[in-house]
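Numbers 130 to 539, taken from this note's numbering, label the letters of the sequence shown in order. Cβ atoms here follow ideal geometry from the backbone N, Cα and C, with glycine treated the same way. Quick caveat: nothing in here was measured; it's all calculated off a predicted structure. Read the structure below first, then the notes.
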Amino acid sequence: MSGLVVSLVLAALAPFGVIGAGMERAQAQPPARPEATTTSAPTRKLPPGSGPEAPSPPTEQDSPKEPVPTEQVVIPPLPAGAEPAPLAPEVQQKLEDDLAARQRTFDRLFSLRAGESRRFETLLAETTVLEARLASVDAERRLQEERLVEARGRLKRLAVARYVATPVAPLNHALEAPDFMDLSRRLAVLGAVTDADQGRVEAYVEASRSITGDFDRVNADLGRKRGELDAARLGLEKADATLLSGKAQLVSSQTGGLIVAGGLSFPVAGPHNFTDTFGAPRMTGTAFAHFHEGTDVFAPTGTPLVAIERGVLISVGSDVLGGTKLWLVGATGTRYYYAHLSAFAPGVADGKPVQAGEVVGFVGSTGNAQGTSPHVHFEAHPDGGAAINPYPLLRIIDEAEKAEPVPPKP
């Protein structure tokens, strides 16, 4: 993209924290974005065998996540008269179209999230009512059980007292009646006392059975409602994660609308393809679980990697996840991360000034990319802050480079 101007204002993204703490709360993957970009740009040739071998593989004692380096560097000024020209109108239109599309997506995600939130709040209120109802029914059930135990105990004590301790006393008392009528009354009273106690027991049994049925029904309703609430909670968390990802996409495009995106070179100098996977979970279920903070650009092993803009290289080395990696501090203040390289270009070292399009390394699959298709993991951190989605900018650069006329072969 020679002849275009760089005026990045990506620092506007930093207050949004578009990846970092907010995104790390999300437990669900944002919806897949099938959009892909491919190109068949000619590979920049280098002398055979150039570039040192990749360093030894990192050990488990290395840092599990590459932090953004904080060292300050001085970017050499552009030579006089080297200021690039303004952005082409068709590329500017592409930026505006991208922003409008992402705004529509964000508005839709915001509406969906609001619906999930209302559903969750409704289910939470219904669950609270059922929990209170269950507590009330349970208290009544316990009271009936206590009454039943008490009535059965009383009946048992009465039976023991009348028929065990003095088995003939109640009957003798009845038989001492002076006449038949009095005998009948005494026997009736004896039976009535026993029947009354038995009746109370039966009433308490029936009440206990009824309240237990109520308890079981309310408990079952509460179980179902809690299941719905858990599902709604997961839905809300997913909506939060998706909305946050959409916000990152929108903010990236909003910044892109302020970018006069030029003086930039696509970081892979050869045939490649890439998709928008910013925010997708990686290495789930491991100690290194994290969300994807960049764009993976796939290309054959050994394809040259170039500086996206002029700047200075820092933190050249290796780590557990990134493998062979380096950082580029651009003239705009944005810090770019290149990971999974197979090797560095000759002369690459900390503090080396580079120009946009200058080869800095080669595509590989080191670090946690071993066993995957070779690619470069590319991140952009405005002013060294939180990662922003580099996909919109990469796509614009890629399309602008493909639109440039290819010089005729000599």
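In chain order, Thr430, Val492, Gly493 and Ser494 place their CB closer than 6 Å to the CB of Pro503, counting only its own chain and leaving out the 5 sequence neighbours on each side. CA-to-CA, the gap between Gly399 and Thr432 works out to about 6 Å. In terms of CA proximity to Asp267, Ile340 leads the group Glu255, Ala229, Ile340 and Ala254.
The C-beta of Glu335 has fewer than 16 other C-beta atoms within 10 Å across all chains shown, which makes the residue exposed. Ranked by Cα distance from Leu434, the options Phe407, Pro475 and Thr404 are led by Pro475. For Ala468, the uninterrupted beta strand (DSSP E) run begins and ends at Arg464 to Leu470, by DSSP.
The C-alpha of Gln484 is placed about 11 Å away from the C-alpha of Pro208. Three or more Cβ pairs closer than 8 Å define a contact, and the region 343 to 351 meets that threshold against the region 249 to 268.
For Thr256, the closest C-alpha among the options Asn348, Ile517 and Lys354 is that of Lys354. Straight across, the Cα-Cα distance linking Glu275 with Gly282 is about 10 Å. Across the structure, Ala261 and Asp350 are spaced so that their CA atoms are roughly 12 Å apart. Only residues of its own chain outside the window of five on either side were considered, and among them Gly423, Asp425, Ala468 and His469 have a CB closer than 6 Å to the CB of His506, listed in chain order.
In the structure shown, the three-state DSSP call for Lys223 is helix. Under the 10 Å beta carbon count, Val489 is surrounded by 16 or more other beta carbons and is classified as buried. Annotation: Gly446 to Glu250 spans about 50 Å, alpha carbon to alpha carbon. Between the alpha carbons of Glu225 and Glu357 lies a gap of roughly 41 Å. Its chain contains Val135, Gly392, Leu393, Gly459, Ala460, Thr461 and Ala485 as the residues whose beta carbon lies nearer than 7 Å to that of Glu438, once the 5 sequence neighbours on both sides are disregarded; these appear in chain order.
Taking the Cα positions, Ser444 is about 45 Å away from Gly244. By the beta-carbon neighbour count (other beta carbons within 10 angstroms, threshold 16), Thr415 is exposed. By the 16-neighbour rule on beta-carbons within 10 angstroms, Gly440 is buried. About 31 Å separates the CB atoms of Glu195 and Lys531; that is not less than 8 Å, and the two are not in contact. Runs of the beta strand (DSSP E) lying entirely within the region 408 to 462, each at least 3 residues long, are 424 to 427, 433 to 435, 440 to 448 and 452 to 459 in chain order. By the Cβ-count criterion, Gly514 is buried, with 16 or more other Cβ atoms from all chains shown falling within 10 Å of its own Cβ.
Rounded to whole angstroms, the gap between the alpha carbons of Ala418 and Asp227 is 31 Å. Proximity to Pro410 across Val477, His401 and Phe420 peaks at Phe420, based on C-alpha coordinates.
Burial of Pro511 is indicated by the presence of at least 16 other C-beta atoms within 10 angstroms of its C-beta.
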